[in-house]
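Here's the structure we're looking at; comments come further down.
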Amino acid sequence: MQSTSQDSAKSASSPGPQALGPSIRGLELQSGPRALTELVELLSSMRFAISALAVVCVASAIGTIVQQNAPPINYVNQFGAFWSEVFTLFDLFRVYNAPWFLLVMMLMLTSTSLCLLRNAPRMVKEARAWREHVRDSAFPAFRHRSQSEVQSPKEVQERIDAAADWMSSRGYRLRRFESSDARPVLVAKKGSSNRLGYIAAHLAIVVISVGGLLDSELPTRLAMWWWDKAPIALESVDGSAIPSRARLPETTPTYRANLLLPEGQRSDLAVVSQPKGALLLDLPFDLELKTFRVEYYATGMPKLFASDVRLTDKQTGQVKEATIEVNKPLIHRGIAIYQSSFDDGGSRLKLLVQPLRGGVGRALPLEMTVGSSLPLKNASQTLTLELTQFKPINVENMGPGRDVQAGFQAHVASVFSPAVNNDKTKTLSNVGPAIHYKLRDSAGQAKEFHSYMQPVKVEEASVFLIGVRNSPDESFQYLRIPADEHGSMQEFLRIRSAIDDPEMRRRAALIFAQKSAPQSLQPALSASAQRALEALSEGGLTALAGVLERTVPEDQRERAADVVVRMLTASFWEAWQLARQRDGLPRVADVPANQEFAQRALNAFSDSRLFSAPFIVTLTDYDEVKASVFQVTRSPGQPIVYLGCLLLVVGIFAMLYIRESRVWIWTRPTQQGVSLLLAASSPRESMDFDREFSELSGVLQSQQKGLA
């Protein structure tokens, strides 16, 4: 009998798994194969749901720290080629739509749903139960208990009424019973909704998971499979020849697409990016960009960009005019149109093609539109110039360089502690307009170039930067052409034409020899200087170093290199003066500023021999046409996620701040009268609960109604 009493008290007072909490085990099938039984038990167990949630949390943390959907070259620079390939293998650079992440999400959704279905009915039943069958024999097992002796039945009733009034004033719900068979005469409880907090919190995980899956790429992939769609490379088709297999209909359930719209134009097609190309999405409306506005900070960083648009519904003909700004989307029939960024909409540019090879060459002026192409011929080949991009404002960090790995580590630290995101080394500055173009040969191979219109201050020198790379996965390697006193590259081009002219090289070498050696040594010195200039013209300083390796013994190369460099520098100076004389200009003064310019020009000329093009294209003037980039989204899961977040907040607050308490009062006849037994329990006992029980015990013992 004593054992039964102890068990009754424990079931009433302890927060054991059977009484108050959910079971960590899963569903146990009574029949079927053992493997299936174990699989169902594992999948529906709380331990599996928690493990899946932990994986989702870790993956989400990776998605927060590592920039998603960036160009591949960025990841190679940050992590190196090996780790970049490893991370790409696991789709960590697009982790939220990775197949394994979506699979874990679905498993977590299934497991949490099964846990909820298994535990929720019992927890609701426990919350509604009064536990009026706890007998007075369980009284000694309660931690919070009090006993008082009363002489008369009238006083017993008065004390019970006083305790009932006290508990009612503090939010308890009461139920009275006739005293019989050692059962309580009064049972009280409050905070039963604490158990509903568990249900709400776990239901929130289910709801958020459903909303997240609805807004992921999973519905789009299912739609592609159902409608037999396949992505294409947009560069391979024009607007009038888009295959039907690459077009998604207006009824696509969910998507996140991009729409580039130049000023004054309209479109009803958006682009849905895919890992192996893109799909074209038909929109249920036409969107027209009337005007696009950009405001900048003093550093050149954009402060505001906004688009004035006109939307025409295809079905109803309804017309809406609105202004779309960042975080202020236009929403129409459940489709949100966000201001994502801005781009060029077909600006008209004036260009100058400057030769990098041969003697005196004439610059070729061109007028082109961004996005157009033009064949250019020289003596040896035909190259197609493809003008791909124009940006009137380019904000660059002109401060000291920082290692990419160190930059990534600082980014990780700033994610966890914004206080460390205090990079004092950045010096943001607008370096002016720039163009991006490609030169494609007859075999279809293309090299990319990036050219700034204005000189840029680099290491205390003004230089024109012209970058080149062989593929988008590489970084640009920049040719630094020194700017002259007029802020142009004409002096460098003048020197270049002189060095590439055999007669000018011969004359420059002769003048150098006449100034540097007695007449008897001049022919030999002139020949050496001419050979040095010829090697420079053919392959830059690298070719000159090769000549030294072939002709000078190894133990004498260092001394010979010093002599050759001084000879080359002086001959290069004379070639510059001859070029100015040829163009009707006076010699420049032999001062440190001009000597530094000549040295930078020599280095630039050497680098130009390694440049992957026979000419450079520079920007001289432009007529800008702006374009706005919109993100068009249909997110049916968004309100579901919001509902899940609300449930999560309610559930967590209910579990943390609503304390469940239960009280029992028994009467037990004695020889002196009646003994009043008071017991209470709470799953989370605290000092507040101890104080509350002490006050209730005092009310029951002293018959002070409403005692605070």
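Residues 557 to 1264 in the working numbering are what the sequence shown spells out, letter by letter. For every residue, glycine included, the Cβ atom is placed at its ideal position computed from N, Cα and C.
Following the DSSP letters along the chain, one finds residue 921 inside the beta strand (DSSP E) bounded by residues 920 to 925. With contacts defined by Cβ atoms closer than 9 Å, residue 665 and residue 828 do not form a contacting pair.
Of the other Cβ atoms in all chains shown, 16 or more fall within 10 Å of the Cβ of residue 1036; this residue is therefore buried. If you compare the alpha carbons of 1096, 1094, 1120, 1095 with that of residue 1104, the shortest gap goes to 1120. Taking 3 residues as the minimum length, the beta strand (DSSP E) runs contained wholly in the segment 998 to 1029 are 1002 to 1008, 1012 to 1014, 1017 to 1025, in order along the chain. Rounded to whole angstroms, residue 997 and residue 1027 show a C-alpha spacing of 14 Å. Assignment of residue 674 by DSSP, reduced to helix, strand and coil, places it in the helix class. The three-state reading of DSSP puts residue 1033 in strand, counting E and B together. In its chain, beyond the 5 residues on either side, 648, 651 have a beta carbon closer than 8 Å to the beta carbon of residue 618.
The beta carbons of residue 1255 and residue 719 sit closer together than 9 Å.
For the set 814, 671, 667, the Cα lying nearest the Cα of residue 1188 is the one of 814. For residue 675, the closest C-alpha among the options 1100, 754, 1224, 1197 is that of 754.
The DSSP-derived three-state label of residue 1222 is strand. Cβ neighbours of residue 1236 within its own chain (closer than 6 Å, five residues either side excluded): 700, 1219, 1249.
The Cβ atoms of residue 835 and residue 803 lie closer than 9 Å to each other. Across the structure, residue 799 and residue 786 are spaced so that their CA atoms are roughly 10 Å apart. About 12 Å separates the Cβ atoms of residue 930 and residue 905, ruling out a contact at the 8 Å cut-off.
Residue 712 and residue 1232 have their C-alpha atoms spaced approximately 8 Å apart. A contact between stretches requires three or more CB pairs, one per stretch, nearer than 8 Å, and the segment 1174 to 1194 meets this requirement with the segment 803 to 812. Its Cα nearest to that of residue 1171, the residue 914 stands out among 1040, 914, 950, 870. Residue 1129 counts as buried, since at least 16 other C-beta atoms from the protein chains shown sit within 10 angstroms of its C-beta. With 16 or more other CB atoms across the displayed protein chains lying within 10 angstroms of its CB, residue 1207 is buried.
In the displayed model, residue 1095 falls within a helix according to three-state DSSP. Residue 704 sits away from residue 1252, with the two beta carbons spaced by 9 Å or more. In this structure, residue 985 sits near residue 951, with a CB-CB distance shorter than 9 Å. DSSP places residue 709 in the helix class (H, G or I) of the three-state scheme.
Annotated as distal: residue 685 and residue 1210, with beta-carbon spacing of 9 Å or more. Counting C-beta pairs closer than 8 Å gives three or more between the segment 1059 to 1066 and the segment 1089 to 1098, which meets the contact rule. If you look at residue 1142, you'll find it isn't in any beta strand (DSSP E); DSSP assigns it neither H nor E. Close CB contacts of residue 729 within its chain, under the 7 Å cut and outside five residues either way in sequence, are with 744, 745, 746 (chain order). For residue 758, the three-state secondary structure derived from DSSP is helix.
Boundaries cannot be given for residue 1112, as no alpha helix (DSSP H) includes it and DSSP labels it neither H nor E. The DSSP-derived three-state label of residue 767 is helix.
DSSP assignment within the segment 1027 to 1089 yields the following whole beta strand (DSSP E) runs of 3 residues or more, N-terminal first: 1033 to 1038. Counted as a single uninterrupted DSSP element, the beta strand (DSSP E) harbouring residue 985 occupies residues 984 to 986. For residue 1178, the secondary structure class from DSSP, reduced to helix, strand or coil, is strand.
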